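A short write-up of the structure that comes next.
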Amino acid sequence: MSQNGLLSISNVTMRFGGLAAVSDVNIHVAQGELVGLIGPNGAGKTTLFNLMTGVYTPTEGSVSFLSETLNGRKPYEIVRSGMSRTFQNIRLFRELTALENVKVAANMRNETSLLSAVFRTPHLLRNDDEIDNFSRNLLEQMDLADVADTRSGDLPYGLQRRLEIARALATKPKLLLLDEPAAGMNPQEKVQLMDLIRQIRERFSLTILLIEHDMKLVMGICERIYVLEYGKLIAEGKPEEIRKNPKVIAAYLGEEVE
Amino acid sequence: MQEFVQNLIYGVETGAIYALIALGYTMVYGVLRLINFAHGDVYMIGAFVGFFACTQWLPFKDLSQHPEAATLNVLLAIVTLFLAMLICALLGIVIERFAYRPLRNGFRNADAHFWGFVAALPLTAFVGAMTTTKRQGAFLAVGVIVGFALRPAMAYLSKKIKPSSSRLNALITAIGVSLVLENGGINVFGADPKFIPDILPKRQISLLGIEFDSSRVVILIVAAVLMATLRYIVLYTRPGKAMRAISHDIDAAKLMGINTDRVIAFTFALGASLAGAGGFMVAAFTNIKVVPLFGLQPGLKAFVAAVLGGAGNIPGAALGGLIMGVVESLVASKYPQWRDAVAFILLIVILLVRPAGLLGKNTAEKV
Numbered sequence: 001m002s003q004n005g006l007l008s009i010s011n012v013t014m015r016f017g018g019l020a021a022v023s024d025v026n027i028h029v030a031q032g033e034l035v036g037l038i039g040p041n042g043a044g045k046t047t048l049f050n051l052m053t054g055v056y057t058p059t060e061g062s063v064s065f066l067s068e069t070l071n072g073r074k075p076y077e078i079v080r081s082g083m084s085r086t087f088q089n090i091r092l093f094r095e096l097t098a099l100e101n102v103k104v105a106a107n108m109r110n111e112t113s114l115l116s117a118v119f120r121t122p123h124l125l126r127n128d129d130e131i132d133n134f135s136r137n138l139l140e141q142m143d144l145a146d147v148a149d150t151r152s153g154d155l156p157y158g159l160q161r162r163l164e165i166a167r168a169l170a171t172k173p174k175l176l177l178l179d180e181p182a183a184g185m186n187p188q189e190k191v192q193l194m195d196l197i198r199q200i201r202e203r204f205s206l207t208i209l210l211i212e213h214d215m216k217l218v219m220g221i222c223e224r225i226y227v228l229e230y231g232k233l234i235a236e237g238k239p240e241e242i243r244k245n246p247k248v249i250a251a252y253l254g255e256e257v258e
Numbered sequence: 001m002q003e004f005v006q007n008l009i010y011g012v013e014t015g016a017i018y019a020l021i022a023l024g025y026t027m028v029y030g031v032l033r034l035i036n037f038a039h040g041d042v043y044m045i046g047a048f049v050g051f052f053a054c055t056q057w058l059p060f061k062d063l064s065q066h067p068e069a070a071t072l073n074v075l076l077a078i079v080t081l082f083l084a085m086l087i088c089a090l091l092g093i094v095i096e097r098f099a100y101r102p103l104r105n106g107f108r109n110a111d112a113h114f115w116g117f118v119a120a121l122p123l124t125a126f127v128g129a130m131t132t133t134k135r136q137g138a139f140l141a142v143g144v145i146v147g148f149a150l151r152p153a154m155a156y157l158s159k160k161i162k163p164s165s166s167r168l169n170a171l172i173t174a175i176g177v178s179l180v181l182e183n184g185g186i187n188v189f190g191a192d193p194k195f196i197p198d199i200l201p202k203r204q205i206s207l208l209g210i211e212f213d214s215s216r217v218v219i220l221i222v223a224a225v226l227m228a229t230l231r232y233i234v235l236y237t238r239p240g241k242a243m244r245a246i247s248h249d250i251d252a253a254k255l256m257g258i259n260t261d262r263v264i265a266f267t268f269a270l271g272a273s274l275a276g277a278g279g280f281m282v283a284a285f286t287n288i289k290v291v292p293l294f295g296l297q298p299g300l301k302a303f304v305a306a307v308l309g310g311a312g313n314i315p316g317a318a319l320g321g322l323i324m325g326v327v328e329s330l331v332a333s334k335y336p337q338w339r340d341a342v343a344f345i346l347l348i349v350i351l352l353v354r355p356a357g358l359l360g361k362n363t364a365e366k367v
C-alpha cells in the first residue's frame, strides 16, 4: 500500500446469494491520482462503487478511506467524510431546480438542528447565504449559471450529466467517483467531458476514480487503469500496458463473440 | 340556496380537517412509499391530549360561571393546541423509530431495549393485577427487572429479523401499530365516550343571511395557517428540501450526504403534529365524543383524500381533503345515509378514472 493512500479496497468480496459479483478485489488509489476502472458489462464495476459508498457492506474484506475503515458506516457519513459520486443513469432530483439540487448536497455538510432550520435562526440565515453563494459560484464554474433556476429534469442530457457532477462537487469531496460519465454522449461531447474532468481535478484538487466503457476516453485521461472481469481483477497498469495486455484484449473480444 | 351555502361552509370546514390528516399520509407516502395506517390514531391521540388538557391538566374556567375568563381560556386553548401538536409529533417519531425504521434498516440495540420492555408489559400487568394497589412500587420494579431480563432475548431474536424492503411488510406493520394504538387507547383511556366542555365563547355569525358558529371559523383559520406553514417548510427550508430530494430518489439522497433517517423522522413528526392539531380542534369545537376509535373513520377518509389528490403530492392532499369534505357535506344534506359511503365511492371512481390522483403525475412503471 502506498504511503499517501486515499482509498484502499483490500480483498473485497461481495456475494448476492450464490453469485460473487466481486471477488477478492484489491484496489488502491493515492491522493491526487486519476484512476480508471474498466471491464465488460456485468463485471462488477458499479457493485464496487456501491461497496465504496456504503450502499452495500462487503461480504468479506474491507474498504478504507483516509485510513479509516468504512465497513458498517452509513452512506451519508461516508459522503460527509469526503467521497462523492455520480450515477450511471442520471439520478438528479428531477423536480428540483439545478440550484436546489446543488444546495441540497451543499447543505448536508454542515448539519444544523431541525428546529433552527425551521425557525431560521440568524446563524442559519448567514449560513444559508454562504451556501447560496457557494452553490451559485459552483454552477458558474461548471458553466451552468444560465440554467440555475430551470427544473433539472427539463435540462438537456449533456447539461444533466454536468449538473450531476456539480452536485457531487457540492459535497466538497476529496475523492470523486464517476460512474460512466460519458454514457450516451456524442464524440464531441466526450472531448468536452475529458477537458471538464481535467479542469475540475485541477481546480478542486480532486482524486478521481472513474468507470467508463469508452476506451478512448479512459486511455486519454487516466493515469492508471484497473480491469475487472466477472468480478475479478485481471489487470492493472498504465494505459499503454493495459492496451497491450492479452488478457484484457481477450476479455473485450470475448464479449463481442458472445 | 341558503342551505346549500351553509352546507358548503360546513363541508369546507370538515374538508380542512381531512386535509390536515391527509397531509400526514401523503408526506410519509412521498418519502417512504408507505401508507401509514396508524396516522388516524395519531389524530385520536391529539383529541385525547385535548380532552385531558381541557379537563385536568390546564386551569380552564367554566365559561357559564366565569364569563370574564374568556381571554384566559383562549390563551389556554392555544397552549393546548401546541401541546397536542408536540405530543403527537413525539408519538410520530416514536412510531417511526421503533416500528418502521427497524424494518427498513435492521435492528439496533436500542430497539432491543424497547421491545424488551414491551414484551415485559403483559407480565407486569399480570403481576399488577395480582398485587394490591398499595404495592405499585414493587410491581413497577418487577416490570423494570423483567424488561432488562428480556433485553438479551430480544437482541437475539432481532438478529433473526432481516431488514425488509417489502412494502407489504411495512403496510402490515402500519396496521399493527394502528391496532396497538386503538386497543391500547381502550385499555388506558377506557372505551366510554368523553366530551370536551365548551372552552371558547361561542358566537353565531350571520353573514348575508347565512348563520354559522364562530368555532367553525376558528378551525378553518387554524388549518389554513398550519397548511401555509407546512408549505413554507417544505418549499424553503433545508429539511423541506431534503424531504423533496428523498421523495424523488432516496438512494441518491443518501449518496449526496443526506441523513435520510433523520429527515424521515422529521416528516413523521410534521405529519403527526398536523393530525394532532386537527384531532384537538374537532374534539373541542364540534362536541363530538372522544373515544379510542375516534381516528378510524376520519383516518380512512383522509386516506381517500390523499389518494384523490395524488398520493405523495402535498397540494393534492389539501385539495383532496377539501373536495371530500364538500362532497360529503352536500351529499349528507340530501341523503344522510350515504354520508360515509360517498367517500369510498369517490375512491373507487378515482382509482378507475385517474389512479395517479387529481394532481398526481402518471409515471411509467419500469419493467
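First to last, the sequence lines map onto chains A and B. Numbering follows our numbering, with no gaps: position 91 of the first sequence is 91. Numbering follows our numbering, with no gaps: position 58 of the second sequence is 58. The C-beta atom is built at its ideal place from N, Cα and C for all residues, glycine as well. On a predicted model such as this, the values are computed, not experimentally measured, just so you know.
- V29 of chain A is outside the set of residues whose beta carbon lies under 8 angstroms from a beta carbon in chain B.
- In the three-state reduction of the DSSP assignment, E328 of chain B falls in the helix class, which pools H, G and I.
- Taking 8 angstroms as the threshold, the shortest C-beta distance from M256 of chain B to chain A falls below it.
- Under the Cβ criterion of 8 angstroms, H66 of chain B is not counted among the residues facing chain A.
- Under the DSSP definition of a beta bridge, S62 of chain A partners with A:S10.
- Using a CB distance below 7 angstroms, the part of the segment 224-242 of chain B facing chain A consists of I233, T237, R238, P239, K241, A242, ordered along the chain.
- Below the 8 angstroms Cβ cutoff, chain B contributes D249, D251, A252 as neighbours of R91 of chain A, in chain order.
- When CB distances to chain A are screened at a threshold of 8 angstroms, not a single residue of the segment 104-125 of chain B falls below it.
- Chain B places no beta carbon closer than 8 angstroms to that of L163 of chain A, leaving this residue out of the contacts.
- Contacts between R244 of chain B and chain A, judged by CB atoms closer than 9 angstroms, involve F93, E95, L96, E100, V104 in chain order.
- Looking at the DSSP output, I211 of chain A shares a beta bridge with A:L37, A:D179.
- Residue range 122-141 is occupied by the alpha helix (DSSP H) that includes H123 of chain A.
- Identification of chain B residues near V22 of chain A by a Cβ-Cβ cut-off of 8 angstroms yields none; the smallest Cβ-Cβ distance measures about 18 angstroms.
- With respect to chain A, the C-beta atom of T26 of chain B has no partner C-beta closer than 8 angstroms.
- Using a Cβ-Cβ cut-off of 8 angstroms, T260 of chain B counts as an interface residue toward chain A, since at least one Cβ of chain A sits closer than that to its own.
- Beyond the five residues adjoining it in sequence on each side, E68 of chain B comes within less than 6 angstroms, by CB distance, of no other residue in the same chain.
- If you ignore the 5 residues before and after F49 of chain A, its C-beta comes within less than 6 angstroms of the C-beta of L177, D179, all in its own chain and listed in chain order.
- Taking 8 angstroms as the threshold, the shortest C-beta distance from N107 of chain A to chain B falls below it.
- In this structure, the CA atom of G310 of chain B is about 5 angstroms from the CA atom of A356 of chain B.
- Under the three-state reduction of DSSP output, D154 of chain A falls in the helix class.
- Taking the Cβ atoms as the reference, I93 of chain B lies roughly 19 angstroms from G299 of chain B, outside the contact range of under 8 angstroms.
- Ranked by how close their Cα comes to the Cα of G220 of chain A, the residues A:I242, A:V147, A:L233, A:K232 have A:I242 in first place.
- Put simply, the backbone Cα of T71 of chain B is about 15 angstroms away from that of C54 of chain B.
- At a cut-off of 8 angstroms, the C-beta of Y56 of chain A has no neighbouring C-beta in chain B.
- Here Y226 of chain A is buried: its Cβ has 16 or more other Cβ atoms, across all protein chains shown, within 10 Å.
- Around the C-beta of V248 of chain A, 16 or more other C-beta atoms lie within 10 Å, and the residue is accordingly described as buried.
- Looking at A:M52, A:N89, A:Y157, the one whose alpha-carbon comes closest to that of E77 of chain A is A:M52.
- For S8 of chain A, the closest of A:V25, A:A20, A:F16 by C-alpha to C-alpha distance is A:V25.
- A Cβ-Cβ separation of about 6 angstroms places T47 of chain A in contact with M14 of chain A under the 8 angstroms criterion.
- Non-local C-beta neighbours of V79 of chain A in its own chain, meaning closer than 6 angstroms and more than five positions away in sequence, comprise T171, ordered along the chain.
- Residue pairing by DSSP places A235 of chain A opposite A:V227 in a beta bridge.
- Taking each of B:A341, B:A277, B:S178 in turn and checking the Cα distance to V225 of chain B, the smallest one comes out for B:A277.
- The way I'd put it, the segment 154-172 of chain A does touch the segment 94-104 of chain A; three or more beta-carbon pairs between them come closer than 8 angstroms.
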